[in-house]
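Below: one structure, written as structure tokens.
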Amino acid sequence: MNLSIISQAKFGYVSAVLAALLFGSVSAVAKPSLVTIHPILLASLVYLLASLVATPLISKKSSSISFKDKWLLLSIALSGAVIGPILFFMGLEESSASDSALLLNGEIIFSVFLAILLFREKISTIGYLAVAIVITGVIIVTTDLELSYSVFDIQNQGNLFILGSTLFWALDNNLSKILSTRLDVARIVQLKSLIGGSILLFFVFLLPIPINVELEHVPNILLLGIAGFGASIFLFLHSLKRIGTVKTIMIFSTSSGFGLIFAAIFLQEEISYYQIVAMGIILSGIYLLYKKQ
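Residue numbering for the sequence shown follows UniProt numbering, starting at 1 and increasing by one per position.
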């Protein structure tokens with residue numbers, strides 16, 4: 001029994017690392033496509049593709065979804081795949097890139113607070129220290145210690161929209177953890193992505209947003225849908241199911257570091273000394289959390 005628990009936990013840790021690696025590729029892969037494709041259209045296509053990819057992975061023994069879980073699934077899809085992205089893109093129009101990068105760390109903070117305060121996930125004193133260390137490292141990675149006072153301007157609607165998006169993504173993380181213990185993970189990915197992608201596509205036609213997907217961007221979209229979103233969400237949910245929200249979010253925060261590496265390789269962007277040190281800080285926090293648990 002103990003061996004089974006240990007194996008499940010190890011699988012959870014490995015899943016979180018792989019999810020972070022795959023999601024870290026998203027910015028580098030998506031950036032060339034965003035030059036001509038509207039972000040909401042791209043998000044819609046990627047989510048719909050992720051739903052398609054998850055369908056063959058659904059267990060044949062998967063049971064029917066209860067009425068209560070249907071509402072939970074709808075809440076997850078709306079918060080994580082609809083409201084979150086829309087608020088983020090609205091905020092991005094009025095907020096600077098550096099401010100948005102810093103504010104996006106709100107997802108980590110909100111996820112941890114919701115897990116502890118509302119969903120009663122337990123964490124030790126050392127665990128709190130590890131969380132603080134990881135958050136410090138992530139902030140340094142995303143800002144390179146070039147902070148702007150404008151990020152604290154609460155009268156800037158863009159900043160508030162981005163903070164709001166991180167709150168909804170944090171809610172999505174915690175609700176997904178609950179549902180992953182009751183429903184097949186592949187089915188959650190399929191339905192969440194299908195609902196989110198369909199609603200976003202509705203907004204594409206409603207606004208209207210031009211549908212101008214060139215052939216050269218198809219490989220990038222396929223890679224985003226299959227690996228960056230489909231596989232990463234699948235692995236992320238498996239990690240939530242096995243090791244909980246706090247530990248999963250802490251490990252998943254390394255996606256910012258993987259993002260730097262992918263950006264350096266594929267976009268020739270530079271990695272600073274501070275960012276390298278920050279990745280060491282993040283890893284030390286994760287190691288502290290892992291050893292304590």
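We treat Cβ as the ideally placed atom computed from N, Cα and C, and that holds for glycine.
What's the C-alpha gap between residue i and residue j?
i, j, result
"F202", "S176", "24 angstroms"
"Y13", "F252", "10 angstroms"
"A115", "L52", "30 angstroms"
"L129", "L288", "9 angstroms"
"Y273", "F89", "30 angstroms"
"I209", "H38", "7 angstroms"
"residue 309", "L73", "With the chain covering only 1 through 293, there is no way to say anything about residue 309."
"L167", "L215", "36 angstroms"
"A16", "L235", "6 angstroms"
"M1", "L183", "Residue placement at M1 is poorly supported in this model, since its pLDDT is 41, which falls under 50; the coordinates still yield a value, given next. Taking the straight line joining both Cα atoms gives about 22 angstroms."
"K61", "I188", "14 angstroms"
"L267", "F67", "46 angstroms"
"G228", "L260", "15 angstroms"
"L18", "L206", "36 angstroms"
"D230", "I76", "Note on identity: in this sequence residue 230 is Gly, with Asp being the wrong assignment. Answer to the nearest angstrom: the Cα atoms are 16 angstroms apart."
"I265", "V218", "21 angstroms"
"G106", "I178", "21 angstroms"
Cα-Cα, which of the options is closest to residue i?
i, options, result
"A50", "T248, Y287, S232", "S232"
"S256", "F11, A20, V14", "A20"
"L145", "L289, Y290, Q8, V277", "V277"
"I162", "F229, L42, G91, K70", "G91"
"V246", "L260, N156, I226, I109", "I109"
"L200", "L48, G24, L179, L103", "L48"
"T254", "I135, G197, S111", "I135"
"T55", "K241, I286, L223, V185", "V185"
"L57", "S198, L191, V204", "L191"
"S180", "I65, I139, G24", "I65"
"S33", "I140, L260, I211", "I211"
"G280", "S198, V138, A170", "V138"
"G197", "L41, V26, E270", "L41"
"E94", "A170, A263, N159", "N159"
"I271", "K291, I140, I178", "I140"
Which word fits residue i, buried or exposed, when buried means at least 16 other C-beta atoms lie within 10 angstroms of its C-beta?
i, result
"N220", "buried"
"K10", "exposed"
"K70", "exposed"
"N173", "buried"
"Q275", "buried"
"L102", "buried"
"L3", "The predicted model places L3 with a pLDDT of 44, which falls under 50 and marks its position as unreliable, so this point remains unresolved."
"T248", "buried"
"K241", "buried"
"L237", "buried"
"F23", "buried"
"T143", "buried"
"I126", "exposed"
"A132", "exposed"
"S79", "buried"
Going by the C-beta, is residue i closer than 8 angstroms to any heavy atom of the ligand ADP?
i, result
"L260", "Ligands displayed in this structure: none; no statement on the ligand ADP is therefore possible."
Below 8 angstroms on the Cβ atoms is my guess for residue i versus residue j; work out the distance and round it to an integer in Å.
i, j, result
"V35", "L224", "The Cβ separation is near 15 angstroms, so there is no contact."
"G84", "S165", "5 angstroms"
Whole alpha helix (DSSP H) runs in the region 40-127 with 4 or more residues, listed along the chain?
-> 67-78, 84-94, 97-103, 106-117
Write down every uninterrupted run of the alpha helix (DSSP H) in the UniProt domain "EamA" (158-290) whose length is 4 residues or greater and which is fully enclosed by it, in chain order.
-> 185-206, 218-223, 232-243, 245-252, 255-266
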